[in-house]
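In the numbering used here, the protein residues as written are 1 to 282.
Built from N, CA and C at the ideal position, the CB exists for glycine as well.
Worksheet: one structure, shown below.
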């Protein structure tokens, strides 16, 4: 990512896209000729020697969609349906601002600080490195060493994101803007914590279907948030160019509320378990 701006300056768009295409072709060839397929199950082998019509019938079977959606909507203990629907809503307000900010970030820094593509690519590399460090630190220290619950990890992450939004909004210089990724260094764990919470609500054989629903929601978010962010940025760039980042903070607030509720439910469940352990001894 740090070289993208330099490559664009040196080779232009044809060079950048040509290098990208070459890397993708290399990846495809590596997967075809080097990566070995795992042993197939008997269930998978039963589709061998079938016609193309059978393949299309199996691939486009509407029952697959029904089974996937049923993971979210079916009744289950502990209000699982409500929890999953609420958590899917949280996923939308976590993924959405991320896509929205990416769509206007370069326009914003070019207008506010006069950055070119080289300076912007260096900033994105710095941002990615800090996020990787923060995510690794959170997983190793907060989760494994301190044993924090996923909801508490998400609270810290989203509050980090909200605080950084004010830095991005009101930064007057490029150096001050560089302080933003340092403030939101823990933001990368919010999506990890949400996936972890959701995976604990479903059965093992439903994890793939749940991942499909989450992936669908994630891929739909640019359709909603990119036009929204572009419209807000165009309307506020003359008054407060960084106001669009405050939109991300505002949209993240519902996620914070849900995570606090999940943490409260977790603490309440722990108290019930502790009381049930003490009761037989009385």
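Beta-carbon gap between residue 197 and residue 160 smaller than 9 Å: For the pair residue 197 and residue 160, the CB atoms are not nearer than the 9 Å cut-off.
Which of the three DSSP states, helix, strand or coil, is assigned to residue 178? Correct three-state label for residue 178: coil.
Out of curiosity, what's the CA-to-CA distance linking residue 169 and residue 8? The straight-line gap separating the alpha-carbon atoms of residue 169 and residue 8 is approximately 28 Å.
Go ahead and pull the three-state DSSP assignment for residue 280. Per-residue confidence for residue 280 stands at a pLDDT of 47, beneath the threshold of 50, marking its modelled position as unreliable; the derived number appears in the next sentence. Helix, per DSSP.
Element boundaries [alpha helix (DSSP H), containing residue 38]: Per DSSP, residue 38 belongs to no alpha helix (DSSP H) and is neither H nor E.
Any contact between the segment 93-100 and the segment 205-222? By contact I mean 3 or more CB pairs, one from each, below 8 Å. By the Cβ test, the segment 93-100 is in contact with the segment 205-222, since at least three Cβ pairs between them sit closer than 8 Å.
Residue 128 to residue 158 span [Cα, whole Å]: 17 Å
Whole-angstrom C-beta distance between residue 254 and residue 69, which should lie under 8 Å: At roughly 23 Å, the Cβ-Cβ gap does not stay under 8 Å, so residue 69 and residue 254 are not in contact.
Does the segment 68-88 come close enough to the segment 136-143 that 3 or more CB-CB pairs lie under 8 Å? Segments in contact, no.
Other residues of its chain near residue 282: CB distance less than 7 Å, five sequence neighbours each side excluded: Low confidence applies to residue 282: its pLDDT is 37, below 50, so where it sits in the model is not reliable enough to give any reading.
Pull up the distance between the alpha-carbon of residue 250 and that of residue 257, whole angstroms please. 12 Å
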